[in-house]
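The block underneath contains the structure these notes are about, expressed in structure tokens.
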Amino acid sequence: AESTSSSEKQSHVYSNRERVLHTWKKSWHDLSQLSHNQDFVGKPQIFCKHRRGCLANAFFGALKNASFGLGIKIVVAVLRSLVSRRLPKFWVTLWDSLRFASFLGTFAFSYKGINCFLRKILHEDNKLNSFIAGCFSGCSILWLDPADRATYSVYLMVRALKIVGDSASQQEWFPSSLKNIQHLDAGVLVLTACQILYCYIMDRSLLPKSYANFLLAAGRKDVRVINALACIGRGETISNLSGLREYCREKGIDWSSVRLVAPVGSSSQSFPLCDIMHPGMGCVQHWLDFAARHMFEYSLRFYIPLNIVSTLIWSRSKFFKDPWGSLKRIVASCMKSALFLSMYCANAWLSQCLARKLGIYSGKVTWLLGGLFAGASIFLEQKSRRMELALYCMTPTIPSLVNATVDWGYFSRPTHLDSMMFAAAMGVIMMAHQNVASMQPTLQSFMKALMGIN
13 AESTSSSEKQ SHVYSNRERV LHTWKKSWHD LSQLSHNQDF VGKPQIFCKH
63 RRGCLANAFF GALKNASFGL GIKIVVAVLR SLVSRRLPKF WVTLWDSLRF
113 ASFLGTFAFS YKGINCFLRK ILHEDNKLNS FIAGCFSGCS ILWLDPADRA
163 TYSVYLMVRA LKIVGDSASQ QEWFPSSLKN IQHLDAGVLV LTACQILYCY
213 IMDRSLLPKS YANFLLAAGR KDVRVINALA CIGRGETISN LSGLREYCRE
263 KGIDWSSVRL VAPVGSSSQS FPLCDIMHPG MGCVQHWLDF AARHMFEYSL
313 RFYIPLNIVS TLIWSRSKFF KDPWGSLKRI VASCMKSALF LSMYCANAWL
363 SQCLARKLGI YSGKVTWLLG GLFAGASIFL EQKSRRMELA LYCMTPTIPS
413 LVNATVDWGY FSRPTHLDSM MFAAAMGVIM MAHQNVASMQ PTLQSFMKAL
463 MGIN
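Using the working numbering, count along the sequence shown one by one with no gaps and you end on 466.
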């Protein structure tokens with residue numbers, strides 16, 4: 013009996029082994045015949061939704077995406093030069109445009125090709141195919157400059173997490189109390205504002221360099237003043253007092269008339285209050301003046317080109333069909349977005365004034381009070397755009413948190429983290445796109461225009 017059972021076990025092992033070998037042999041045979049298969053080249057397979065052959069679909073998709081990437085980079089460079097009134101550097105702009113075009117073209121070719129290849133080998137079309145194809149196609153990010161990879165990776169990872177969260181909320185096991193949180197978008201934006209404004213004042217090195225430069229431009233305050241506020245918040249002596257005197261001389265502020273008060277937790281160094289931040293104005297007057305000037309001198313100049321480009325790319329058919337109605341929508345969108353950005357910055361500075369007046373100014377207060385004041389401006393935006401803005405602000409927030417934990421010594425930064433994040437994010441996004449899962453309208457329109465039907 014024992015010999016019979018052992019022989020049965022052995023035969024079962026051999027049958028499993030033979031089944032695996034047969035599967036691998038069949039897959040290898042299909043792989044070897046793929047280059048000679050006219051159906052794969054000349055016409056789509058049974059699982060494919062595109063009309064051309066698989067290789068032709070991949071090639072024309074790459075050509076379309078590369079042309080789109082090249083065009084959009086050139087248009088953005090021209091609009092940026094018109095706003096800044098500076099001519100762009102030709103060779104730098106051309107090289108940057110070609111790299112971006114190669115990035116989009118390579119991604120489209122590799123995704124479409126790998127997806128069709130997996131259908132051919134596995135003889136089925138499932139979600140795993142599009143996920144694997146999206147992950148492998150993520151290697152195309154290596155075309156981009158290393159300084160830009162983190163921005164794209166985190167931006168798309170946030171969108172991927174949103175897709176995963178939306179999919180999970182539709183499941184039965186998901187708690188019903190978490191499915192319909194009324195002001196989730198505002199809560200997310202407030203949390204991101206807390207971290208972003210803290211880094212902006214206390215330690216800008218934690219933020220991505222491009223976003224830190226954006227904050228310096230949008231904040232419209234001199235770096236020497238911001239650095240002095242950082243020293244005050246940390247309870248340290250102002251390291252560049254001569255720089256503040258030079259700033260006062262440039263702005264026509266009488267240094268001898270500036271009121272000096274001892275900082276919180278320190279009696280060794282005095283620091284200037286609102287006399288330097290907004291000389292000749294009260295705090296509320298400065299808040300109103302700053303918001304009005306910011307809107308017409310910065311925010312509108314920032315949002316008008318952005319709205320024009322997005323309209324021409326995603327809604328050009330509606331624009332040419334109803335130009336007057338489209339123009340009114342563009343104006344209304346620009347005004348609301350500009351008002352949001354202006355009040356975001358103005359409220360942030362108002363919180364600084366309030367904290368100093370109350371004598372509680374510190375790094376922790378900057379994190380909490382600045383985020384609450386600035387984040388409240390989200391209610392000026394349309395409800396449909398609030399989550400998009402919150403997710404956009406998550407993009408610099410995540411790298412700042414990672415950089416902070418690395419600086420604190422909790423873990424070391426892994427190599428090629430941005431590339432791995434991009435690959436994982438594109439796997440999730442392409443799986444959602446291919447299987448018509450719930451995505452944000454902006455991202456869904458973008459992916460549909462770029463990738464089409466596969």
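Glycine residues also receive a C-beta, built at the ideal position from the N, C-alpha and C atoms.
Can you list, in chain order, the residues of its chain whose CB lies under 7 Å from that of residue i, leaving out five sequence neighbours each side?
i: residue 400; result: 452, 454
i: residue 403; result: 170, 171, 174
i: residue 373; result: 244, 245, 276, 367
i: residue 389; result: 352, 355, 356, 359
i: residue 417; result: 423
i: residue 345; result: 319
i: residue 301; result: 293
i: residue 380; result: 206
In whole angstroms, give me the CA-to-CA distance for residue i and residue j.
i: residue 143; j: residue 371; result: 54 Å
i: residue 394; j: residue 134; result: 46 Å
i: residue 60; j: residue 432; result: 28 Å
i: residue 136; j: residue 62; result: 16 Å
i: residue 184; j: residue 190; result: 12 Å
i: residue 261; j: residue 299; result: 23 Å
i: residue 257; j: residue 443; result: 58 Å
i: residue 254; j: residue 239; result: 12 Å
i: residue 446; j: residue 362; result: 47 Å
i: residue 250; j: residue 352; result: 33 Å
i: residue 436; j: residue 148; result: 9 Å
i: residue 90; j: residue 295; result: 39 Å
i: residue 466; j: residue 225; result: 39 Å
i: residue 158; j: residue 428; result: 10 Å
i: residue 264; j: residue 215; result: 28 Å
i: residue 248; j: residue 386; result: 26 Å
i: residue 408; j: residue 168; result: 12 Å
i: residue 459; j: residue 267; result: 56 Å
i: residue 252; j: residue 153; result: 41 Å
i: residue 117; j: residue 65; result: 18 Å
i: residue 290; j: residue 329; result: 47 Å
i: residue 396; j: residue 177; result: 18 Å
i: residue 150; j: residue 140; result: 15 Å
i: residue 199; j: residue 223; result: 21 Å
i: residue 188; j: residue 182; result: 10 Å
i: residue 384; j: residue 376; result: 13 Å
i: residue 75; j: residue 426; result: 34 Å
i: residue 342; j: residue 227; result: 24 Å
i: residue 131; j: residue 138; result: 8 Å
i: residue 419; j: residue 335; result: 52 Å
i: residue 208; j: residue 414; result: 13 Å
CB-CB under 8 Å to residue i, same chain, minus the five flanking residues each way: which ones, in chain order?
i: residue 350; result: 307, 311, 312, 314, 315
i: residue 93; result: 99, 100
i: residue 48; result: Caution applies to residue 48, whose pLDDT of 40 falls short of 50 and renders its modelled position unreliable; the value that the coordinates give is listed next. Nothing listed; no residue qualifies.
i: residue 8; result: With the chain running from 13 to 466 in the structure shown, residue 8 is simply not present.
Given a cut-off of 8 Å, decide if residue j and residue i are closer than it, judged by their beta-carbon atoms.
i: residue 109; j: residue 126; result: no
i: residue 288; j: residue 235; result: no
i: residue 231; j: residue 438; result: no
i: residue 406; j: residue 105; result: no
i: residue 464; j: residue 210; result: no
i: residue 412; j: residue 218; result: yes
i: residue 166; j: residue 410; result: yes
i: residue 318; j: residue 348; result: no
i: residue 162; j: residue 220; result: yes
i: residue 286; j: residue 206; result: no
i: residue 434; j: residue 164; result: yes
Please list, in chain order, all residues of the same chain as residue i whose beta carbon is under 6 Å from its beta carbon, the five residues on each side excluded.
i: residue 180; result: 186
i: residue 241; result: 213
i: residue 462; result: 77
i: residue 331; result: 323, 338
i: residue 321; result: none
i: residue 197; result: 398, 399, 402
i: residue 194; result: none
i: residue 54; result: Interpretation of residue 54 is limited by its pLDDT of 46, a score under 50 that renders its predicted location unreliable; no figure is taken from the coordinates.
i: residue 45; result: With a pLDDT of only 47 at residue 45, under the threshold of 50, the placement of this residue in the model should not be trusted, and no figure is reported.
If we cut at 8 Å on Cβ distances, does residue i have a partner in chain D?
i: residue 75; result: Protein chain content of the structure displayed is limited to a single chain, and chain D is not contained in it.
**Asked** Quick one: any contact between the region 99-116 and the region 66-83, if contact means 3 or more CB pairs under 8 Å?
**Response** yes
**Message:** I want to know whether the region 114-131 touches the region 64-77 - three or more CB-CB distances under 8 Å.
**Reply:** yes
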